[in-house]
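Protein chains in written order, with the working numbering: chain A, 1207 to 1539; chain B, 92 to 359.
No residue lacks a Cβ here, since even glycine has one placed at the ideal position from N, Cα and C.
Nothing here was measured: the structure is a model prediction, and the numbers come from that model.
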Amino acid sequence: MKPLKGADEGLEENLRSFFLQTHPDYELLFCVADWDDPAVPIVENLIRQFPLVSAKLLQGLAPEKLNPKVQNMLPAYAAARHDLLLISDSNTRVPSDYLEQMNRLMGEGVGAVSSIVAGRNARGLGAWLDAAYLNTAVARWMALANVFSHPCLSGKAMLLRRSVMRRFGGLKNLSRYIAEDYMAGQAVRHLGLTVDITQAPIDQHLGECSFTAFWRRHVRWGRIRRAQSPPGFFIEPFFNVWTSGLCGAFAVSALTGFSAPLFFGTHFTLWAAADAWVNHRLLGEWDVRHFLAWFARELLALPQWIHTALGQSVYWRGARIRLLEGGLVAETP
Amino acid sequence: MFLADFHVHSNFSDGKLSIPEVVDLYGRHGFGAIAITDHLCESQGVIGITSAYLGCSLTPATYPLYLEIIASEAERAWEKYRMVVLPGYELTKNMLSNHRSAHIVAIGTTQYLEADGEVIDLVRSIRAQGGISIAAHPVWTRKIEKQTYYLWDNRFELQNEFDAWEVASGPFIFDEVAKTKLPKIANSDLHLPRHLTAWKNELSCERHPEAILEAIRKQQMDFRFFNAQTALLRELEYASPRSAEPFGLGSRHRQFVSRDLVYSQAVG
């Protein structure tokens, strides 16, 4: 199921990768909020190009003060033929065996499968900062959550069983939450099932992105995280290389007399090396611009966190949405 | 006749098991009815806020998922075990003082209720929803843990507001409650699988939610000690009236206080 909104750069290639899957039996359900959406001709063209792939374009439901992405997908959820449902954002590009990879992980006791996302093809300052965040902090946390069996589903790509979703009220029950992926993970955990992630990451085509767009998106994500889990949000600054390094250097220096600059230098070097390694594992390339972007993003993390902490509303798909406790949606005009 | 437990926690609050695991645990042991009653803490107090942040309390955000999972598991429990699963929650008012703390179990309720109000208002709201209100472990629980004495301290004013008062919680009988004429109920307050070994209710009504709630209101039930380790002996208990004679309301309960006594009788 592919919820679509607008024709972002690289959309056709992203969608094409789903038409090229080697899995023997699958269907593609594209969802748009209205027929005037610029994504419609692109999808129609692809459907014509791949007549052997079962694919449909459907119109979603009006947001009605609920999660617009979930509302968009509800008709597709009702129309889907199969029990296994992959919900995948329009900006992801996958290898041809991706569905098979995910399918293999959906074993006994597994309620959902997700993937780590590698941000590629960045152009513009915002896109590089985005890539730095996706390819280090997000990847690191998602892998760590998986190691500790904490359910961590990414809306970029999540495979669920319809029979499992029915047990928590189906997709419709997730439309009341701004972060449907987080709540799907929670629901899977409450059912006593686990979440697994694929070995190989999938690609997110970042393209052109301004600094303002980057800032707004991350403030939105931060406010969602804050609404979902305030304690986790409030300790976030300590997982930034600058804040943790300075606090650590001050504390170690005060307690033991150890050189604060030496402590900070070592801390910074180790952290940077670890993130560079994660970045390389995801992208398979070394590029000094990744390091520069990482350095800038780490510098911006604290001011961005402060900005995030100062509000409760997010702008998403043209609507201002006020977040309630637990990530419940309350749209404000 | 069937056994029933109306005070059970899942991983929606501080229980270890998921709701499906709880259903299978009770279903495999032949129970006829259970109520899932996760903590729903006050949203204002420090303890309540902390509990919600730690995922130890139902919240307005988690409650819709909770209800849906209970509803789907109730269907499965009925098809697989012929067991009724009732929705509920435990309104949890925890203060620093035990004498200001109260836990109220609500069963048969499907509307979210803020636990911040006055006890009497909360209990009336539960009843207005058609639910049953139970004074949970109102006296010393015989364990080193947080105690909740508010309901017991105010029992004379509240006696007509509750449908039942827990006369047993886990493996312990509360003599203070047993001696009174208050309506009674015996629950396990299950958080871990081993808590299944506890006092339970024995009902003889139809296995239907309304019939079960009515049986509690009319106090048409007895209490039995259920030992999960010797669950295989349960058949023997039913076979021999002497081996597991239930105690009625405030009558012969003392002879069943010891777990070993029930065990030896069952074996004998």
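Notebook entry, point to check: Three-state secondary structure (DSSP) at F1445/A?
Noted result: helix
Next item on the list: Spatial neighbours of S1459/A within its chain, please: CB distance less than 6 Å, with the 5 preceding and 5 following residues excluded, ordered by chain position.
Entry: A1466
Next item on the list: For Q1434/A, name the three-state secondary structure that DSSP assigns.
Entry: helix
Item checked: Span of the beta strand (DSSP E), counted from its first residue to its last, around M1364/A -> A1363 to R1367
Check: Can the beta-carbon of A277/B be found less than 8 Å from the beta-carbon of F314/B?
Finding: yes
Checklist line | As assigned by DSSP and simplified to three states, the class of G261/B | finding: coil
Next item on the list: Note down, in chain order, each residue of its chain lying with its Cβ closer than 6 Å to the Cβ of R215/B, except the 5 sequence neighbours on either side.
Entry: none
Check: Which partner residues does L1292/A have in the DSSP bridge list?
Finding: L1365/A
Next item on the list: Give the secondary structure of C1415/A by DSSP, where H, G and I count as helix, E and B as strand, and everything else as coil.
Entry: coil
Check: So does the segment 1370-1386 of chain A actually touch the segment 1447-1464 of chain A, counting three or more Cβ pairs closer than 8 Å?
Finding: no
Check: In angstroms, rounded to a whole number, what distance separates the CA positions of Q1277/A and A1268/A?
Finding: 6 Å
Next item on the list: Return the residues of the segment 109-123 of chain B that lie within a Cβ-Cβ distance of less than 8 Å from chain A, sorted by chain order.
Entry: S109, I110, P111 and E112
Next item on the list: Within 10 angstroms of the Cβ of T1342/A, are there 16 or more other Cβ atoms? Answer buried if so, exposed if not.
Entry: buried
Item checked: Cα-Cα separation between E336/B and R298/B, rounded to whole angstroms -> Model confidence at E336/B stands at a pLDDT of 41, short of 50, so the residue's coordinates are unreliable; what they give is reported in the following sentence. E336/B and R298/B: Cα-Cα distance of roughly 22 Å.
Notebook entry, point to check: Is the CB of H1396/A under 8 Å away from at least one CB in chain B?
Noted result: yes
Check: Would K1211/A be called buried (16 or more neighbouring beta carbons within 10 Å of its own) or exposed?
Finding: buried
Next item on the list: Using a threshold of 8 Å, state whether the C-beta atoms of I1384/A and G1517/A are closer than that.
Entry: no
Notebook entry, point to check: I think A1499/A touches W1347/A, with their Cβ atoms under 8 Å apart; what is that distance to the nearest whole Å?
Noted result: The Cβ separation is near 18 Å, so there is no contact.
Checklist line | Cβ neighbour criterion (16 or more within 10 Å) applied to V99/B | finding: buried
Check: Within 8 Å (strictly less), CB to CB, does P178/B reach chain A?
Finding: no
Next item on the list: Using 10 angstroms around the beta-carbon of N1251/A, count the other beta-carbons present and answer buried if the total reaches 16, otherwise exposed.
Entry: exposed
Check: I1512/A to Q1410/A, Cα distance in whole Å?
Finding: 27 Å
Next item on the list: Give the DSSP bridge partners of W243/B, in chain order.
Entry: DSSP output for W243/B lists no bridge partner at all.
Margin query: Within 8 Å of any Cβ in chain B, is that where the Cβ of E1218/A sits?
Written below: no
Checklist line | Cα-Cα separation between V358/B and T321/B, rounded to whole angstroms | finding: A caution first: V358/B carries a pLDDT of 32, below 50, which makes its placement in the model unreliable, though a value can still be read off. V358/B and T321/B: Cα-Cα distance of roughly 9 Å.
Checklist line | For D1387/A, the first and last residue of its enclosing alpha helix (DSSP H) | finding: E1386 to H1396
Item checked: Backbone secondary structure at L1359/A - three-state DSSP -> coil
Checklist line | Beta carbon of P366/B nearer than 8 Å to that of V175/B | finding: For chain B, the structure presents residues 92 to 359; residue 366/B sits outside this window and is missing.
Next item on the list: Check whether the Cβ atoms of E205/B and S134/B sit closer than 8 Å, and answer yes or no.
Entry: yes
Next item on the list: Spell out a yes or no on whether the segment 1256-1266 of chain A and the segment 1323-1334 of chain A are touching, meaning 3 or more CB-CB pairs, one atom from each, closer than 8 Å.
Entry: no
Next item on the list: May I have the straight-line CA-CA distance separating N245/B from F1440/A, to the nearest angstrom?
Entry: 40 Å
Next item on the list: State the start and end residues of the unbroken alpha helix (DSSP H) segment that holds S1519/A.
Entry: No alpha helix (DSSP H) contains S1519/A, which is instead part of the beta strand (DSSP E) from S1519 to W1522.
Margin query: Within 10 Å of its beta-carbon, does E326/B have 16 or more other beta-carbons around it, so buried, or fewer, so exposed?
Written below: Confidence in E326/B is poor, its pLDDT being 47 and thus under 50, which makes the residue's placement too unreliable to answer from.
Next item on the list: Below 7 Å CB to CB, which residues in the same chain sit around Y154/B once its five sequence neighbours on both sides are set aside?
Entry: Y203
Check: Can you check whether the CB of P1436/A is closer than 8 Å to the CB of G1391/A?
Finding: no
Item checked: Range of the contiguous beta strand (DSSP E) that encloses S1260/A -> S1260 to Q1265
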